[in-house]
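In my numbering, the protein residues as written are 32 to 242.
First up is the structure itself, then whatever we jot down about it.
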């Protein structure tokens, strides 16, 4: 399924309105899969920029202790360096409360005219109905769905048929997972070419994921 098949065409631009996507995640660590998805969405949806939003306390991943915010923010900034269309926001990291997408969108969008997309992996879409205020999210942003290795297409296809507010970006699948990268570091195995070199050096310098 392509973007054109799911939403027919990107929404027509409004004069002075930015066109951007919010890409949230723990980014623990950020890797080439994240970057490829963001770039594919930028091109397919004709975005001005993509905002990477490292999560402060993600409510859906509370069972695992995430790496300190200062490290995840630094790694994400290193990962996007060199791409002027990629930005990093520390907004959610400033809060000690769980991070909810609906609140983040409210704070980022405000009254400004914009075409906003929420960039999600297909593996997250099936549980979207259980997110806090999913209808409010859809009122503020269209969903841009990226294929993920191992994630089924049925949930994304269902949403695409039901709502013009959902776009399937048709990206190539890259089988890289942050959990596997952390395991490789613990096992003292190479992560070269799976994360940007600057991120790899940062992990080594700060001895992250060693245990």
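For glycine and all other residues, C-beta sits at the position ideal for the given N, C-alpha and C.
Distance between beta carbons of residue j and residue i, contact taken as under 8 Å
i, j, result
"residue 171", "residue 140", "6 Å"
"residue 146", "residue 72", "Not a contact, Cβ separation roughly 13 Å."
"residue 100", "residue 87", "6 Å"
Cβ-based burial, residue i [other Cβ within 10 Å; buried from 16]
i, result
"residue 113", "exposed"
"residue 158", "exposed"
"residue 75", "buried"
"residue 209", "buried"
"residue 221", "exposed"
Secondary structure of residue i, DSSP reduced to three states
i, result
"residue 177", "strand"
"residue 133", "helix"
"residue 102", "helix"
"residue 33", "The pLDDT assigned to residue 33 is 44, lower than 50, so where the model puts this residue is not dependable; a value taken from the coordinates is nonetheless given after this. Here residue 33 sits in coil by DSSP."
"residue 85", "strand"
"residue 53", "strand"
"residue 202", "coil"
Residue i versus residue j: straight-line alpha-carbon distance, rounded
i, j, result
"residue 53", "residue 238", "29 Å"
"residue 201", "residue 149", "15 Å"
"residue 168", "residue 136", "7 Å"
"residue 214", "residue 233", "16 Å"
"residue 203", "residue 179", "9 Å"
"residue 197", "residue 133", "16 Å"
Task: Cβ contact check for the region 57-69 and the region 158-166: 3 or more pairs under 8 Å - done: Because the criterion of three Cβ pairs below 8 Å is not met, the region 57-69 and the region 158-166 do not touch.
Open item on the list: Check whether the region 77-91 and the region 102-120 touch, using three or more Cβ-Cβ pairs below 8 Å as the test.
Closed with: Yes, they touch.
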